[in-house]
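So the structure is just underneath, and the comments pick up after that.
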Amino acid sequence: MGKGITKRSENYSKWYNEVVQKADLAENSGVRGSMVIKPYGYAIWEKMKAQLDKMFKDTGHENAYFPLLIPKSYFAKEASHVDGFAKECAVVTHYRLKTGEDGSIEVDENAKLEEELIVRPTSETIIWSTYKKWIQSYRDLPILVNQWANVVRWEMRTRLFLRTAEFLWQEGHTAHATRKEAEAETLQMINVYAEFAEKWMAMPVIKGHKTEGERFAGALDTLSIEALMQDGKALQSGTSHFLGQNFAKAFDVKFTDNTGSEKFVWATSWGVSTRLMGALIMAHSDDQGLVLPPKLAPIQVVVVPIYKTEEQLEDIRKTVKIISDKLDAQGISLKFDDRDTHRPGHKFAEYELKGVPVRLAIGPRDLKNGTVELARRDTLEKKIYEIEGIEKTIEALLEDIQKNIYSKALTFRNENTHKADTYDEFKKLIKNGDGFVLAHYDGTPETEEKINTDTKASVRCIPMDAEHEEGKCMVTGKPSTRRVVFAKAY
RNA sequence: CGGGGCGUAGCGCAGCCCGGUUAGCGCAUCUGCUUUGGGAGCAGAGGGUCGCAGGUUCGAAUCCUGCCGCCCCGACCA
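FYI, the numbering for the first sequence is 18 to 507, going by our numbering.
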């Protein structure tokens with residue numbers, strides 16, 4: 018492993034790539050924009066998954082699985098949905114290979130498919146084709162299903178975790194008898210995402226509505242959570258869509274209500290992806306590497322022994338065993354790194370790169386004094402503590418780190434959120450330090466388009482909790498009743 | 001998909017313009033000794049279809065063509 022990483026302030030994207038690679042999270046696969054998620058990175062994703070899955074089940078959802086390959090004809094049914102995804106679909110056209118005359122492997126032209134299959138870019142179409150079979154009566158509703166899956170979108174430009182050709186995600190797809198119920202579901206799930214982002218990822222987010230132009234292909238309303246990264250750019254971290262009756266009509270999904278009349282069902286879909294890994298990295302990490310919130314860290318405490326002789330290591334081992342049993346009982350994960358192939362300094366640097374929240378160093382000096390040295394990853398502070406009661410100290414420290422990185426991120430966001438009342442002011446703010454800019458605009462796609470062309474900033478969302486405020490569109494001067502959030506986005 | 005850059009050992013690079021001994025360097029790796037409270041030191045060793053496929057040539061890492069992949073800037077996007 019090389020020494021150090023590029024400074025965040027010097028070259029943000031280089032810094033980001035180095036954090037991802039040196040923290041052992043993922044690497045480029047060498048195959049068209051797709052990545053390999055390495056065990057350590059996947060362990061973090063699994064922790065995120067487990068928590069999200071629990072939250073979905075707590076809100077009444079069940080998991081299911083639908084096919085990867087979708088017949089092309091399914092796509093043709095919802096027009097705006099096709100428009101949104103057609104340009105980035107991978108298509109299966111053949112089902113067999115053969116050995117050519119020169120011994121090379123080639124596609125067997127005799128094995129051409131009658132109807133091409135699309136590798137799912139999202140699963141609305143296959144799921145709604147299935148729901149048609151599942152739903153006849155109001156008694157069949159609601160359907161509250163989630164799927165953990167991989168999807169493929171043939172993106173032009175990819176970036177580890179933030180945008181890869183293939184990515185892992187979950188997609189919830191629900192069917193309801195009433196509009197009201199579907200809207201409540203849409204809202205409920207964006208709240209679940211926001212809670213996850215803030216309490217587990219320690220990442221403050223703004224919940225809000227997408228504008229018409231940024232809306233999901235086929236949705237009537239899209240809610241999103243928007244987070245601010247340390248380079249001042251916004252990252253859309255999760256979305257929840259109210260699909261109205263669009264998919265029900267496209268796939269002819271009707272039910273008979275309790276008065277005997279036939280109606281189309283109401284739908285929602287919602288998802289978060291491995292992009293959350295990118296958000297997690299960019300929200301907290303520093304020039305020493307990854308910084309993980311304790312609640313999502315696969316290793317919460319790493320123990321680095323310092324010793325010269327085997328006897329010393331044995332003594333350390335005994336003390337560590339006592340500590341680790343206690344932590345285990347408290348549900349805190351600990352790794353004792355007793356490799357004798359690396360020296361302590363090397364290990365210190367390595368676990369800092371990997372974002373392990375707490376490091377415990379213990380050597381002969383400590384054994385003599387009945388102490389250990391604890392170092393916290395978020396502040397890089399080191400302190401000597403009594404071994405007596407260390408499990409309580411560590412527990413409190415982990416809680417404090419979780420809180421501290423959240424408040425650090427919140428402070429950063431507050432310092433980088435500004436109000437603009439004129440277009441000149443707006444342009445200056447966007448140009449300077451980026452960040453969120455709160456401004457009035459008239460709500461038309463034309464104005465949004467103009468702002469985007471002029472400044473590269475877009476409306477991230479119309480905040481759900483925006484206060485009513487009379488104002489004028491900074492571009493056209495037309496009346497506006499609340500400020501929306503603008504930013505440059507990933 | 002448009003513009004630019006790159007692909008040589010696990011990683012980072014030099015060599016290419018101007019073709020010609022055995023293709024170099026740093027880090028990493030392996031062995032030995034000494035070390036161990038912030039990425040160890042010294043000595044030695046191993047490791048290459050020069051991205052892939054064609055072409056030009058007596059001879060190609062070097063010149064030409066095509067393809068693949070990666071990075072940056074646009075357009076697109078979770």
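Glycine included, C-beta positions come from ideal geometry on N, C-alpha and C.
N449, DSSP secondary structure in three states: As a working note, residue 449 is residue 432 in the first sequence. Three-state DSSP puts N449 in a helix.
Cβ-based burial, G19 [other Cβ within 10 Å; buried from 16]: Position 2 of the first sequence, counting from 1, holds the residue named residue 19. The predicted model places G19 with a pLDDT of 49, which falls under 50 and marks its position as unreliable; any figure quoted below should be read in that light. Result: exposed.
Top-ranked residue by Cα proximity to S30, from G295, A456, I54, A60: One-based indexing of the first sequence puts residue 30 at position 13. Measuring from the Cα of S30, the nearest candidate turns out to be G295.
Proximity of Q164 and N263 at Cβ, strictly below 8 Å: As a position in the first sequence, residue 164 is number 147, starting the count at 1. As a position in the first sequence, residue 263 is number 246, starting the count at 1. No, the pair does not count as a contact, with Cβ atoms beyond the cut-off.
Residue burial classification, Q187 (beta-carbon count within 10 angstroms, cutoff 16): Translated into positions along the first sequence, residue 187 becomes position 170. Within a 10 Å sphere around the beta-carbon of Q187 sit 16 or more other beta-carbons, which makes this residue buried.
Of the residues K197, L414, T410, the one placed nearest P310, counting alpha carbons only: For the purposes of this step, residue 310 is taken as the residue at position 293 of the first sequence. Taking the Cα of P310 as reference, the smallest distance to any Cα among K197, L414, T410 is reached at L414.
Of the residues A483, K312, E369, the one placed nearest E412, counting alpha carbons only: Your numbering for residue 412 matches position 395 in the first sequence. That would be K312, whose Cα lies nearest to the Cα of E412.
M220 versus I242: straight-line alpha-carbon distance, rounded: Within the first sequence, numbered from 1, the residue matching residue 220 stands at position 203. Within the first sequence, numbered from 1, the residue matching residue 242 stands at position 225. Rounded to whole angstroms, M220 to I242 spans 11 Å at the Cα level.
Three-state class that DSSP yields for R176 in the structure shown: Locating residue 176 in the first sequence gives position 159, counting from the first residue. In the three-state DSSP reduction, R176 falls in the strand class (E or B).
Assumed close pair N421, D395 - CB separation to whole angstroms, cut-off 8 Å: Residue numbering aside, residue 421 sits at position 404 when the first sequence is read from its first letter. Residue numbering aside, residue 395 sits at position 378 when the first sequence is read from its first letter. Contact holds; Cβ gap of about 5 Å.
Segments of 3+ residues assigned as beta strand (DSSP E) that fall wholly inside the stretch 214 to 255: Runs of the beta strand (DSSP E) inside the stretch 214 to 255: 223 to 226, 238 to 245.
7 Å Cβ shell around F259 - same chain, five flanking residues per side excluded: Taking the first sequence and counting its residues from 1, one reaches residue 259 at position 242. Excluding its 5 nearest sequence neighbours in each direction, F259 has C-beta neighbours in its own chain below 7 Å: A199, E200, T203, A236, L237, D238, T285, listed in chain order.
Check whether I379 and I418 have beta carbons under 8 Å apart: Here residue 379 refers to the residue found at position 362 when the first sequence is read from its first residue. Here residue 418 refers to the residue found at position 401 when the first sequence is read from its first residue. The answer is no: Cβ separation not under 8 Å.
P462: first and last residue of the uninterrupted alpha helix (DSSP H) it sits in: To locate residue 462, count along the first sequence from 1; it is residue 445. Taken as a continuous stretch (DSSP letters only), the alpha helix (DSSP H) holding P462 covers 462 to 472.
Residue span of the beta strand (DSSP E) that contains W287, given as start and end: Sequence index remark: in the first sequence, residue 287 carries index 270 (1-based). Taken as a continuous stretch (DSSP letters only), the beta strand (DSSP E) holding W287 covers 283 to 290.
Three-way DSSP call (helix, strand, coil) for G19 in this model: Taking the first residue of the first sequence as 1, we reach residue 19 at position 2. Annotation note: pLDDT 49 at G19 (below 50); position unreliable, coordinate value reported separately. In the structure shown, G19 sits in coil (DSSP, three-state: anything other than H, G, I, E or B).
Reduced DSSP secondary structure (H/G/I, E/B, other) of D441: Here residue 441 refers to the residue found at position 424 of the first sequence. The three-state reading of DSSP puts D441 in helix, counting H, G and I together.
Per-residue DSSP class, three states only, for A192: Walking along the first sequence from the start, residue 192 turns up at place 175. It is a strand residue.
Bridge-paired residues (DSSP) for A67: Along the first sequence, read from residue 1 onward, the residue named residue 67 stands at position 50. For A67, DSSP records no beta bridge to any residue.
Distance CB(L185)-CB(V136) smaller than 8 Å: The residue labelled residue 185 in the question sits at position 168 within the first sequence. The residue labelled residue 136 in the question sits at position 119 within the first sequence. Not in contact: L185 and V136 (Cβ atoms no closer than 8 Å).
Among D451, Q305, N431, nearest to R12 - alpha-carbon criterion: Because the chain spans 18 through 507 in this model, residue 12 falls outside it and cannot be assessed.
Length at least 4, wholly inside the stretch 351 to 386: the alpha helix (DSSP H) runs in chain order: With a minimum length of 4 residues, the unbroken runs of alpha helix (DSSP H) contained wholly in the stretch 351 to 386 fall at 361 to 370, 381 to 386.
Helix, strand or coil at E141 [DSSP, three-state]: Along the first sequence, read from residue 1 onward, the residue named residue 141 stands at position 124. Three-state DSSP puts E141 in a helix.
CB of E105 within 8 Å of CB of R176, strictly: Here residue 105 refers to the residue found at position 88 of the first sequence. Here residue 176 refers to the residue found at position 159 of the first sequence. Cβ atoms of E105 and R176: not closer than 8 Å.
Closest residue to H111 among M218, L293, E133 (Cα-Cα distance): Position 94 of the first sequence holds residue 111. Checking every option, the nearest Cα to that of H111 belongs to E133.
Buried/exposed call for P138, threshold 16 Cβ in 10 Å: As a first step, residue 138 must be located in the first sequence, where it is residue number 121. Around the beta carbon of P138, a 10 Å sphere encloses 16 or more other beta carbons of the protein chains shown; the residue is thus reported as buried.
Endpoints, beta strand (DSSP E) assigned at I477: As a first step, residue 477 is located in the first sequence; it is residue number 460 there, counting from the start. Per the sequence shown, residue 477 should be read as Arg rather than Ile. R477: member of the beta strand (DSSP E) spanning 475 to 480, first to last residue.
Bridge-paired residues (DSSP) for A182: Sequence index remark: in the first sequence, residue 182 carries index 165 (1-based). The beta-bridge partner set that DSSP reports for A182 is empty.
Beta-carbon proximity of Q247 to M299, cut-off 8 Å: If you number the first sequence from 1, residue 247 lands on position 230. If you number the first sequence from 1, residue 299 lands on position 282. Going by C-beta atoms, Q247 is nearer than 8 Å to M299.
Alpha carbon of K364 to alpha carbon of V321, nearest angstrom: Numbered from its first residue, the first sequence carries residue 364 at position 347. Numbered from its first residue, the first sequence carries residue 321 at position 304. Using only the alpha carbons, I get a separation of about 7 Å.
Neighbourhood of G255 by C-beta, 6 Å cutoff - its chain only, sequence neighbours within 5 removed: For the purposes of this step, residue 255 is taken as residue 238 along the first sequence, with counting starting at 1. The beta carbon of G255 sits closer than 6 Å to the beta carbons of Y210, I242, V289 from its chain, once the five residues preceding and following it are set aside; these are given in chain order.
Check whether V53 and A43 have beta carbons under 8 Å apart: As a first step, residue 53 is located in the first sequence; it is residue number 36 there, counting from the start. As a first step, residue 43 is located in the first sequence; it is residue number 26 there, counting from the start. In contact: V53 and A43 (Cβ atoms closer than 8 Å).
E403, enclosing beta strand (DSSP E) - first and last residue: One-based indexing of the first sequence puts residue 403 at position 386. In this chain, the beta strand (DSSP E) harbouring E403 covers 399 to 403.
F272 - containing beta strand (DSSP E), residue span: Position 255 of the first sequence, counting from 1, holds the residue named residue 272. From DSSP, the beta strand (DSSP E) with F272 extends over 271 to 273.
T434: CB within 7 Å of a non-hydrogen atom of the ligand SAH: No copy of the ligand SAH appears in this structure; indeed no ligand is present at all.
K505 and D459 closer than 8 Å at C-beta: Counting from 1 along the first sequence, the entry for residue 505 is found at position 488. Counting from 1 along the first sequence, the entry for residue 459 is found at position 442. No, these two residues do not count as a Cβ contact at 8 Å.
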